[in-house]
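If you're matching positions, the sequence shown starts at 4 in my numbering and goes up one per residue.
A virtual CB, placed ideally from N, CA and C, is assigned to each residue, including glycine.
If you're wondering where the values come from, they're calculated on a predicted model, not measured in any experiment.
Scroll down for the structure; my scribbles are underneath it.
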Amino acid sequence: MAAKSSLVLLPALLLMTSPLPVDAQIPTAASLRSADAIRYTVSFPAPQTHYVEITAAVPTGGRPEVELMMAVWTPGSYLVREFSRHVEGVTASGPGGRALTVEKSDKNRWKVATGGGPTVSVSYRVYGREMSVRTNWIEAGFALINGAPTFLTLADGTRRPHEVVITPATGWRRSMTGLETMSGGEHRYRAPDFDTLVDSPILLGNPAVYEFTVDGKRHYLVNEGEGGVFEGARAAKDLEAIVREQQRFWGSLPYDKYLFLNVITEASGGLEHLNSTVLMTSRWATRSRRSYVAWLELASHELFHAWNVKRLRPVELGPFDYENEVHTRSLWMAEGVTDYYADMLVRRAGLATREEILDSLSTKIEELQTTPGRTVQSAELASFDAWIKYYRPDENSPNVSVSYYTKGAVVAFLLDAKIRDATKGARSLDDVMRAAYAKYAGPRGFTPDEFRQIAESVAGTSLRAFWDGAIAGISELDYKEALDTFGLRFRAGVSAAARPWLGITTRIDAGRLLVSQVRRDTPALAAGLNVDDEILAIDDFRVRADGWDARVQQYTPGDRVQILIARRDQLIRVPVTFGTEPPREWRLEVNAAATDAQKVRFADWLGAQ
Ligand SMILES: [Zn+2]
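In structure tokens:
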């Protein structure tokens, strides 16, 4: 990705809209060739206070003033997070320890008067106690350090090495990161540029580390917090099978080493990086079959990103402007197609059954088809608006938006079937991904049209109508062709008997029963039930908070009742007529009447039994 970019000037040019010092810091060809490194020391003198202390030796290039910046977001997670809010105590000194003037110049920028020296030493502290894949966590036992919320860098956009020397806290023996090591001792690392530093989280402490080799490349499963519960050795063995399967899929491994940094907490999520990933895992993830397969799918998803998005990427996703939103219409491909293959490759590695994969796919289809926003927001617009919609959900989100993960995966399924059908089973979406990788992996990336054209060349037919409806547009998806291709059908709707239904979801807060969501085109919306209404009674009979579902079942579709609510403490009776709960009609199953040709196509897709 951006690490290998030849377009490194772009961030500097983008910064032209910000106030620059008089000696505007446009890098010259000479500075690009021989840019001096920024050298950080990272220490944890009191990790139980959740602080990491940073000192950076920053080259000045002889300028009287330099400006430093901290990223406001981190790639792969599309929300401005204002990481600089956790930075404090920024000071600077020159040769001999002479104090230099530091002035805050923007929400995430600092100007340092250099005093004319070749290097200034900048020190600051960062508070880290947000347990997520994209933030910092520091406690007595371990630390997860991410690049974007930790390292100030020169704001001039010049490509330069960033070196990191870590002093772990007392008792911590290991630092695990995808960064390359430097000579001269332990815990010394080097990134060729800021992008790589941001893309290389560091896990410190005493994790359990499992190593395996695939295609001559070292892989590490790094488990922080196994606690005698999470089965590390088993997980490492299965990850090895997934790595082998993904290597088979793509043809080679695109990195020299790879780390699964697996933080075992009760948080969740994963974030992809150039040659590593951070996973947030439940300690109990290996205990049940269902949770374990879900964990393998998560790891598979993040590993697939080592190709799809870290190297084969939408044209907009690099080189990154770390100070502003970066919009792309292709997250449905970057995330949704990845999600489709995450599951498929767990299956191909022999770690999930056909039924488990069909179940996982059915859940995605069901989620999409029961989300009213599918007729409002396209997969491309869901991608574009990730910053203001997907990462900022509210009670109305299902009515006006779709997940580009979910719709992207469902579209991938339809596209895969379409290509297999059009080529009589000779080709598949696999070939599209490999062809796209061969043509577009690298510094530039692909445009939406270019990805469509690759798919068309593999399919041997125009996909324009499909694209216009399913990806750029908001047409209802047509599953018939995919079902016919593989000999599948949707199971008959589960609720054959008509069940009463209002179309709300509820939550219990301090013993109160509250409306948490009102879906579009439902009896509740028509009647005027609102989010945050407290439900007290149906007609004159009180409903206790935990008795809502059971009470609703006492009625019949068509019954007209009065729901007594408290809205901002005012009691109101809302007349409403129960509707009929929509049947669950989106579960895939093998069609017993499938033809031999369909059975062959199915086995080719999801494997023999
Ligand atoms: Zn992803």
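Distance between residue j and residue i (C-alpha atoms, nearest Å)
{"i": "Ser519", "j": "Asp535", "result": "6 Å"}
{"i": "Val593", "j": "Asn226", "result": "39 Å"}
{"i": "Gly65", "j": "Arg128", "result": "26 Å"}
{"i": "Ser8", "j": "Glu142", "result": "Reliability of the predicted coordinates at Ser8 is poor, the pLDDT of 33 falling under 50, and no value is obtained from them."}
{"i": "Ala458", "j": "Val83", "result": "33 Å"}
{"i": "Lys110", "j": "Glu484", "result": "52 Å"}
{"i": "Arg545", "j": "Trp551", "result": "10 Å"}
{"i": "Leu301", "j": "Phe233", "result": "16 Å"}
{"i": "Val340", "j": "Thr450", "result": "16 Å"}
{"i": "Arg587", "j": "Ser365", "result": "11 Å"}
{"i": "Val201", "j": "Ala501", "result": "54 Å"}
{"i": "Phe613", "j": "Gly496", "result": "What the structure shows of the chain is the stretch from 4 to 612, and residue 613 is not part of that stretch, so it cannot be assessed."}
{"i": "Ala569", "j": "Phe252", "result": "57 Å"}
{"i": "Trp335", "j": "Gly428", "result": "25 Å"}
{"i": "Asp549", "j": "Ser203", "result": "46 Å"}
{"i": "Pro401", "j": "Gly376", "result": "5 Å"}
{"i": "Tyr393", "j": "Gly610", "result": "34 Å"}
{"i": "Pro257", "j": "Phe454", "result": "21 Å"}
{"i": "Trp470", "j": "Gly476", "result": "8 Å"}
{"i": "Pro62", "j": "Pro121", "result": "6 Å"}
{"i": "Gly463", "j": "Asp433", "result": "15 Å"}
{"i": "Gln3", "j": "Leu155", "result": "With the chain represented from 4 up to 612, any question about residue 3 goes unanswered, as that position is not in the structure."}
Delimiting residues of the beta strand (DSSP E) encompassing residue i
{"i": "Thr508", "result": "507 to 512"}
{"i": "Val69", "result": "68 to 72"}
{"i": "Leu264", "result": "260 to 267"}
{"i": "Leu315", "result": "Looking at the DSSP string, Leu315 is not in any beta strand (DSSP E), and its letter there is neither H nor E."}
{"i": "Ser96", "result": "90 to 96"}
{"i": "Met283", "result": "279 to 284"}
{"i": "Ala270", "result": "Run containing Ala270: none; DSSP gives neither H nor E here."}
{"i": "Arg651", "result": "A query on residue 651 cannot be resolved here, the shown segment of the chain reaching from 4 to 612 and no further."}
Same chain, Cβ closer than 6 Å to residue i, neighbours up to 5 away in sequence not counted
{"i": "Ser303", "result": "Ile245, Ala345, Leu348, Val349"}
{"i": "Thr525", "result": "Gly506"}
{"i": "Ala352", "result": "Ala244, Ile245, Glu248"}
{"i": "Thr409", "result": "Lys367, Glu370, Leu371"}
{"i": "Gln565", "result": "Asp542, Arg576, Pro578"}
Among the options, nearest to residue i - alpha-carbon criterion
{"i": "Lys260", "options": "Met179, Glu300, Phe469", "result": "Met179"}
{"i": "Thr170", "options": "Pro585, Glu189, Arg162", "result": "Glu189"}
{"i": "Gly187", "options": "Thr268, Val167, Val232", "result": "Val167"}
{"i": "Asn149", "options": "Asn209, Leu282, Asp487, Thr559", "result": "Leu282"}
{"i": "Gly561", "options": "Phe581, Ala569, Val577", "result": "Phe581"}
{"i": "Pro78", "options": "Asp572, Val379, Lys313", "result": "Lys313"}
{"i": "Ser46", "options": "Asp39, Tyr54, Glu133", "result": "Tyr54"}
{"i": "Asp607", "options": "Leu532, Asp424, Ser80", "result": "Asp424"}
{"i": "Arg437", "options": "Ala60, Glu56, Gly254, Leu157", "result": "Gly254"}
{"i": "Leu466", "options": "Ser294, Ala415, Phe145, Gly230", "result": "Ala415"}
{"i": "Thr488", "options": "Ala468, Ser279, Ala420", "result": "Ala420"}
{"i": "Ile575", "options": "Thr559, Tyr558, Met185, Gly531", "result": "Gly531"}
{"i": "Leu147", "options": "Tyr81, Pro210, Arg316", "result": "Pro210"}
{"i": "Lys2", "options": "Leu262, Glu229, Gly230", "result": "For the chain, the structure presents residues 4 to 612; residue 2 sits outside this window and is missing."}
{"i": "Arg286", "options": "Thr280, Arg292, Glu269", "result": "Glu269"}
Residue i: CB within 7 Å of a non-hydrogen atom of ligand 3
{"i": "Glu275", "result": "No copy of ligand 3 appears in this structure; the ligands present are ligand 1."}
Own chain residues within Cβ distance below 8 Å of residue i, not counting five before or after
{"i": "Ala527", "result": "Leu505, Gly506, Ile507, Val518, Val521, Val579"}
{"i": "Thr199", "result": "Ala6, His165, Leu182, Leu277"}
{"i": "Glu133", "result": "Asn139, Trp140"}
{"i": "Thr373", "result": "Pro585, Trp589"}
{"i": "Ala32", "result": "For Ala32, the predicted structure reports a pLDDT of 48, less than 50, and the residue's modelled location is therefore unreliable. A value from the coordinates is still provided. Answer for Ala32: no residue qualifies."}
{"i": "Val212", "result": "Arg177, Met179, Tyr223, Leu224, Val225, Asn226"}
{"i": "Glu359", "result": "Val296, Arg350"}
Continuous alpha helix (DSSP H) stretch holding residue i: start and end
{"i": "Tyr295", "result": "292 to 307"}
{"i": "Arg357", "result": "357 to 372"}
{"i": "Thr199", "result": "197 to 201"}
{"i": "Arg247", "result": "235 to 253"}
{"i": "Ile391", "result": "No alpha helix (DSSP H) holds Ile391; DSSP gives it neither H nor E."}
{"i": "Arg437", "result": "432 to 443"}
{"i": "Arg604", "result": "599 to 609"}
{"i": "Thr450", "result": "Looking at the DSSP string, Thr450 is not in any alpha helix (DSSP H), and its letter there is neither H nor E."}
{"i": "Met347", "result": "341 to 351"}
{"i": "Arg423", "result": "407 to 425"}
{"i": "Glu383", "result": "382 to 387"}
{"i": "Pro401", "result": "400 to 403"}
Cβ shell of residue i (< 7 Å), same chain only, five flanking positions each side left out
{"i": "Phe86", "result": "Met73, Ala74, Val75, Ala151, Pro152"}
{"i": "Thr289", "result": "Phe233, Glu234, Arg237, Ala238, Tyr295"}
Cβ of residue i within 8 Å of any chain C Cβ
{"i": "Tyr407", "result": "Annotation note: the requested chain C is absent from the structure, which comprises a single protein chain."}
Complete beta strand (DSSP E) runs within the segment 463 to 507 (minimum length 3 residues, chain order): The DSSP assignment places complete beta strand (DSSP E) segments of no fewer than 3 residues inside the segment 463 to 507 at 491 to 493, in order along the chain.
Minimum length 3: unbroken beta strand (DSSP E) runs contained in the segment 99 to 153: 105 to 109, 112 to 116, 122 to 130, 146 to 148
Secondary structure, beta strand (DSSP E): runs of 3+ residues fully inside the segment 508 to 581: Runs of beta strand (DSSP E) with 3 or more residues, each lying fully within the segment 508 to 581, are found at 515 to 521, 537 to 541, 563 to 570, 573 to 580, listed in chain order.
Complete beta strand (DSSP E) runs within the segment 160 to 238 (minimum length 3 residues, chain order): 165 to 170, 177 to 180, 191 to 194, 205 to 208, 211 to 217, 220 to 227
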